[in-house]
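Chemist: Let me begin by handing over the structure; questions about it come next.
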Amino acid sequence: MAPKYFLSFAAIALLFGAAPRGETVFWQIEPIVTEGHVERLDLTLQFPGDADGETTLDLPDDWGGERELYRALWDIRADGAEISPGPSPAKLILRHAPSAPVTLRWKAGSGPDQPPAKAVGNDYRLRFAAGHFFVIGYAALPWPEHLSDETPARAEITRPEGLTIVSDLDHVPANAVADLGTLAQSVLMGGNIRVIETGGARLALTGKFDHLDDAYWRDTFTRVARAERKYWKTKDEAFLVTIIAETGKGDALSIGGTGLGDAFSLFASQNIDSATSLSIIAHEMMHTWIPGRIGRLPEENEPIGYWLSEGFTDWATFRTLVRAGLWTPDAFASAFNTSLEAYDLSPNRSATGAEIAAGFWTSSEISRLPYQKGMLIASRLDHRIREETNGRRDLDDVLLAMQKAAKRDPDLMAHDNLIRSLKKIARWDAAAEINALAFEGAPVDLAPDLFKQCGTFTSAERALWERGFDFTATSRANWVVTGVIEGSRAWEAGLRDGMVLTSWSEDSRDRDPSVPKTASVLDGETKREITWLPQGRETRTVRRFELATGLAANEARACERRLKGQ
């Protein structure tokens, strides 16, 4: 992904035709402060209209699992063009003189059709809370269809006095030009936030956590950043992490986020623990390189490439945490087994790449599969590379080669880059094997001696996890129970479509089908608690990596070297 740039203009009202150095897009962002907090943004986008005199404008719509993002945008006006409705609510038509300069103005947030806060999961929509505001470019920026990601662009953020604002649009010295794609993947946060600077990077936090103070976040972020830059052989670079302590989410522990080039944003429940936050921080920061610097993902059906972008990110994160001393071999084994078990028990583990892409944003059962499958594919490739090179090379060498190749050719696709780099490093044509594993749903087998210096693999029969109803559809139906599977254990216990779910606790990291689950529901006017085992009738063979006990000192060191890739 391209780096992000920022330039502060002295003049707020810059005439489009007078813009220096030929940039074609200029985005102005002005926070509007009311009674001490940011109520909304007033936004302006200057760009050249299409050569045929008609520009189709794509409003923010589907991104990050969110829908109808355009509902947060309102009072849309244009200078130099007439606006007409488009073929869908997410499109507008601008009519103007051929290639004429157009100035689009709009407001974002606090509008008449602003959607309510999201009940579950990460909320990537515009946020304007009493203590802070948070905006991702994808959710706020209309896109003229005739302009590409690479269209030169600039951005300016107006900073009201007394208001703390951070953005990864700040990261480049003045007089640099970015591109339109960079503006779209930017992040902007401000208000009652604390900013911690360390090693050329910044953390912006809002809210308080029960167990983690700002010193913890500083130390963890610094150590992870140092370890990952050492892994990729890169120097300190500007980077932004935004962390929002979520309130009103009950007792459930949750953390998640999204990588945005030279930034990532975390959303965490106030009760988050250090072990969980460490792995998420490391994963999201690793996205700076995977896929950011090893190749592009497909522009359409992007999740078809998530086995590489997410799964390889997990693999490299695991290795880096052990290498930096942030994880013990026990911690590695625990994380590895969590992914391995989830993959083996997944009812969708044979899904093709196309099926994963189709269900990624709508099915919680499918959305984790690319992480698990990709991590195991990476582990398999790492072992095979060692075999092909008699232990001289491994997947680290392939990833570093991919980084060099992508720097030479920014349009190189990550999948193609992986195949080419494997041929270069290991003299191995892995195309057929990777296609079968990643796209055709073939099972990911692992060599029994994958971690022979550390332990062995065992296997056991386990029942499949089966909730018995569609949790995603239920949440979208305002917690009206939806999609109960007739004949399931939930059905046998009495759960039915149309009941109202008032309480349900589920941790996606630990779905144990042997532990009963209880749903509190309203059945008409009657309050009920319904308990059942969340398991189907089918069983699966589940593999597990068992660390050897009682290793001698030299054997323990050999194990650590293997997990570190040394």
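Heads up, the sequence shown stops at 607 in the numbering used here, and the numbers go up one at a time, no gaps.
Heads up, the beta-carbon is just placed ideally off N, CA and C, and yes, glycines get one too.
From Asp-511, Glu-587, Leu-244, pick the residue whose C-alpha is nearest to that of Trp-545; which is it?
Modeler: Closest by alpha carbon: Asp-511.
Chemist: Once DSSP output is grouped into helix, strand and coil, what is the label at Ser-320?
Modeler: Helix at Ser-320.
Chemist: Please report the distance separating the alpha-carbon of Phe-492 from that of Trp-368.
Modeler: Cα to Cα, Phe-492 sits roughly 16 angstroms from Trp-368.
Chemist: In whole angstroms, what is the alpha-carbon distance linking Glu-527 and Ser-420?
Modeler: Answer to the nearest angstrom: the Cα atoms are 39 angstroms apart.
Chemist: On the DSSP bridge list, what partners appear for Asp-120?
Modeler: DSSP output for Asp-120 lists Thr-144 as bridge partner(s).
Chemist: How would you call Ala-501, buried or exposed, if buried means at least 16 neighbouring beta carbons within 10 angstroms?
Modeler: Exposed, by the Cβ-count rule.
Chemist: Of the choices Asp-564, Ala-479, Pro-554, Lys-445, whose alpha-carbon is the least far from that of Ile-336?
Modeler: The sequence given here has Gly at residue 336, not Ile. Checking every option, the nearest Cα to that of Gly-336 belongs to Lys-445.
Chemist: Would you call the CB atoms of Leu-349 and Gly-300 closer than 7 angstroms?
Modeler: Not closer than 7 angstroms, so no.
Chemist: Would you identify the three-state DSSP class for Arg-136, choosing helix, strand or coil?
Modeler: In the structure shown, Arg-136 sits in a strand (DSSP, three-state: E or B).
Chemist: For Leu-604, is the beta carbon positioned less than 6 angstroms from some heavy atom of the ligand COA?
Modeler: No copy of the ligand COA occurs in the structure displayed, which carries no ligand at all.
Chemist: What beta strand (DSSP E) runs, 3 residues minimum, are completely inside the segment 266-291?
Modeler: Counting whole runs of 3 or more residues, the segment 266-291 contains the beta strand (DSSP E) stretches 280-287.
Chemist: By a C-beta neighbour count over all protein chains shown, 10 Å radius and 16 as the cutoff for buried, is Val-556 buried or exposed?
Modeler: Label assigned to Val-556: exposed.
Chemist: Can you check whether the CB of Ala-141 is closer than 7 angstroms to the CB of Gly-121?
Modeler: Taking 7 angstroms as the Cβ cut-off, Gly-121 and Ala-141 qualify as a contacting pair.
Chemist: Taking Lys-132 as the reference, which of Ser-151, Phe-175, Pro-183 has the closest Cα?
Modeler: Checked all of Ser-151, Phe-175, Pro-183; the closest Cα to Lys-132 is Pro-183.
Chemist: Ile-475 and Asp-438 look like a contact to me (Cβ under 8 angstroms); what is the Cβ gap, rounded to whole Å?
Modeler: Actually they are not in contact, since the Cβ atoms of Ile-475 and Asp-438 sit about 17 angstroms apart, beyond 8 angstroms.
Chemist: Are Glu-406 and Val-583 touching if we call contact CB-CB under 7 angstroms?
Modeler: For Glu-406 and Val-583, no; Cβs fall outside 7 angstroms.
Chemist: Any idea which residues DSSP pairs Phe-67 with across the strands?
Modeler: Beta-bridge pairing links Phe-67 to Gln-87, Arg-195.
Chemist: Return the chain-ordered list of same chain residues with a C-beta closer than 6 angstroms to the C-beta of Pro-156, the five sequence neighbours on each side being excluded.
Modeler: Counting only Cβ-Cβ distances below 6 angstroms, and skipping sequence neighbours, we find Arg-112.
Chemist: What number of angstroms, rounded off, separates the C-alpha of Phe-353 from the C-alpha of Gly-77?
Modeler: If I take the Cα positions, the gap works out to 44 angstroms.
Chemist: Quick one: give me the first and last residue of the beta strand (DSSP E) that Thr-430 is part of.
Modeler: It is not in any beta strand (DSSP E) - Thr-430 carries neither H nor E in the DSSP assignment.
Chemist: Span of the beta strand (DSSP E) holding Asp-564?
Modeler: Element bounds for Asp-564: 558-564.
Chemist: What is the C-beta distance between His-173 and Gly-94, in whole angstroms, given that I count them as a contact (C-beta under 8 angstroms)?
Modeler: Actually they are not in contact, since the Cβ atoms of His-173 and Gly-94 sit about 42 angstroms apart, beyond 8 angstroms.
Chemist: If contacts are defined as beta-carbon pairs under 8 angstroms, then Gln-311 and Phe-262 qualify, I think. What distance do you get, rounded to the angstrom?
Modeler: About 19 angstroms; that fails the 8 angstroms criterion.
Chemist: Quick check: what's the CA-CA separation for Thr-523 versus Arg-108?
Modeler: Rounded to whole angstroms, Thr-523 to Arg-108 spans 20 angstroms at the Cα level.
Chemist: Among the candidates Pro-153, Lys-274, Gln-494, Asn-519, whose CA atom is the shortest distance from the CA of Arg-334?
Modeler: Cα-wise, what sits closest to Arg-334 is Lys-274.
Chemist: Any idea if Gln-226 is buried or exposed, counting beta-carbon neighbours within 10 angstroms, 16 or more meaning buried?
Modeler: It is buried - the Cβ of Gln-226 has at least 16 other Cβ atoms within 10 Å.
Chemist: Helix, strand or coil: how does DSSP classify Asp-102 here?
Modeler: Asp-102: coil per DSSP, three-state reduction.
Chemist: Using only alpha-carbon positions, find the residue among Arg-270, Thr-515, Gly-241 that is nearest to Asp-209.
Modeler: For Asp-209, the nearest C-alpha among the options comes from Gly-241.
Chemist: Report yes if the CB atom of Thr-97 is closer than 7 angstroms to the CB atom of Glu-191, and no otherwise.
Modeler: Contact: no.
Chemist: Is the segment 325-333 touching the segment 562-572, taking contact as three or more C-beta pairs under 8 angstroms?
Modeler: The answer is no - the segment 562-572 does not touch the segment 325-333, with fewer than three Cβ pairs under 8 angstroms.
Chemist: Note the first and the last residue of the continuous beta strand (DSSP E) segment covering Phe-308.
Modeler: Counting along the chain, the beta strand (DSSP E) containing Phe-308 begins and ends at 304-310.
Chemist: Decide if Lys-558 is buried, meaning its Cβ has at least 16 other Cβ atoms within 10 Å, or exposed.
Modeler: Buried.
Chemist: Cβ atoms of Leu-386 and Arg-581: under 7 angstroms apart, would you say?
Modeler: For Arg-581 and Leu-386, yes; Cβs fall inside 7 angstroms.
Chemist: By a C-beta neighbour count over all protein chains shown, 10 Å radius and 16 as the cutoff for buried, is Val-236 buried or exposed?
Modeler: It counts as exposed.
Chemist: For the alpha helix (DSSP H) holding Leu-338, just list the boundary residues, first then last.
Modeler: No alpha helix (DSSP H) contains Leu-338, which DSSP labels as neither H nor E.
Chemist: Taking only three categories from DSSP, how would you classify Leu-244?
Modeler: Reduced to three states, the DSSP call for Leu-244 is strand.
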